[in-house]
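The numbers in the sequence shown follow numbering that gives the first Met the number 0, run straight up by one, and end at 331. Structure first, then comments.
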Amino acid sequence: MKSRTVKIAAAIAAAAFIIIRWRAQCLLALRLVVGGALIAFLIAPLCLFLARRLHFNRSLSILSAYLLILAVIFFALRLLLPALICQIMELFAALPRLINDISAWIEEKRCLLPFIPAPNDIPLPDVPVLDGTMSLASRLVSGVTELTLMITLAYYFIRDRERIGLRLELIVPARFRKTVLRTVGAIRLEMGAYIRCQLLISLIVGALAALFLALAGVHAALALGVIVGIFNLIPYFGPILGGAPALIMAASGGFKQILFAALALFIVQQIDGMIVSPRLLGAACSLHPALVLIAITVGGSLAGVAGMLFSVPVVLIFRSIARNWPIRYESI
Numbered sequence: 000m001k002s003r004t005v006k007i008a009a010a011i012a013a014a015a016f017i018i019i020r021w022r023a024q025c026l027l028a029l030r031l032v033v034g035g036a037l038i039a040f041l042i043a044p045l046c047l048f049l050a051r052r053l054h055f056n057r058s059l060s061i062l063s064a065y066l067l068i069l070a071v072i073f074f075a076l077r078l079l080l081p082a083l084i085c086q087i088m089e090l091f092a093a094l095p096r097l098i099n100d101i102s103a104w105i106e107e108k109r110c111l112l113p114f115i116p117a118p119n120d121i122p123l124p125d126v127p128v129l130d131g132t133m134s135l136a137s138r139l140v141s142g143v144t145e146l147t148l149m150i151t152l153a154y155y156f157i158r159d160r161e162r163i164g165l166r167l168e169l170i171v172p173a174r175f176r177k178t179v180l181r182t183v184g185a186i187r188l189e190m191g192a193y194i195r196c197q198l199l200i201s202l203i204v205g206a207l208a209a210l211f212l213a214l215a216g217v218h219a220a221l222a223l224g225v226i227v228g229i230f231n232l233i234p235y236f237g238p239i240l241g242g243a244p245a246l247i248m249a250a251s252g253g254f255k256q257i258l259f260a261a262l263a264l265f266i267v268q269q270i271d272g273m274i275v276s277p278r279l280l281g282a283a284c285s286l287h288p289a290l291v292l293i294a295i296t297v298g299g300s301l302a303g304v305a306g307m308l309f310s311v312p313v314v315l316i317f318r319s320i321a322r323n324w325p326i327r328y329e330s331i
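The following block contains the structure:
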């Protein structure tokens, strides 16, 4: 027993040394594994469906699923990408004009509110354009490379899921194995329901936001709808963060258009909160609002927007553990 404890302590110490010594490489590896597992988690039902219906082997069903997803993305981009690019360029072109309008408004109101600094008195960061462009290009290449590696890892995760699962199962001590497997199964079911429903809800909300903003007369409604849909993945705070660019863009049309844009976003969020989210998520992934707010706040303070995005899934994982782990003591 003592020898086993010494081995465990030595393994923990060695792992801690490796993580501290090669922290960046460990974080990269963790990011790739988590990203690959998430992609595998999302497309595994489609792969299993193709294998069952078309009688494909595992590898062929995965490749067919990849090709099907790429075809859908290609046709969607071919249909929407030209308009989306034009509207994104319109957003970037409108930004300097909106900044000048806001600066003029601040200068006009300084006589009423003298504590507001003049626009020329606000220090602006000196960012070299060339350095910023090179940094953006480098991050873009790095992101594409990581995404490619994640997709490759997802292929192997799905193809060898039984073998990988068996090896991970053997790592767990025998007396905890049944409980761990039950807990992992519950986490997989709950996370699957949450992630797929959230993606579908964000797609619906983004489409509705683009439609209502277009009806409100806001320019670049399609691009703004995409922004609203992406930020809607963050509960509670997401609609505020995603709606801010739409209100800023509407400022070029005056107070009346701002009011219409705010009303459009309000209607979309009411449809989401009263119809879409309750019907899709249901009671399976329900969490108390106070717990969600605390999780998002803590996640945001730790890791910014990414922390806010992943805070609720982390809470769902801990809730599944809390629900399933005590079952092993029921017979005691």
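By construction, the Cβ of each residue, glycine as well, lies at the ideal position given by its N, Cα and C atoms.
Can you tell me the Cα-Cα spacing of residue i and residue j, whole angstroms?
i, j, result
"Asp271", "Ala220", "18 Å"
"Val71", "Ala263", "29 Å"
"Gly34", "Leu198", "16 Å"
"Leu59", "Arg162", "18 Å"
"Ile233", "Leu308", "5 Å"
"Arg30", "Leu41", "16 Å"
"Ala222", "Ala305", "21 Å"
"Leu210", "Val291", "29 Å"
"Ala9", "Ala15", "10 Å"
"Leu26", "Pro44", "28 Å"
"Val140", "Ile150", "15 Å"
"Leu129", "Ser137", "Any answer about Leu129 is weak, because its pLDDT of 44 lies below 50 and its placement is not dependable; what the coordinates show is given next. Cα to Cα, Leu129 sits roughly 12 Å from Ser137."
"Arg166", "Arg160", "10 Å"
DSSP three-state label for residue i, please.
i, result
"Asn323", "helix"
"Asp354", "Residue numbering for the chain in the displayed model covers 0 to 331; residue 354 lies beyond these limits and cannot be assessed."
"Gly253", "coil"
"Val217", "coil"
"Ile233", "coil"
"Leu286", "coil"
Span of the alpha helix (DSSP H) holding residue i?
i, result
"Val227", "Ala220 to Phe230"
"Ile200", "Ala173 to Leu214"
"Phe40", "Arg22 to Leu53"
"Ile163", "Arg160 to Ile170"
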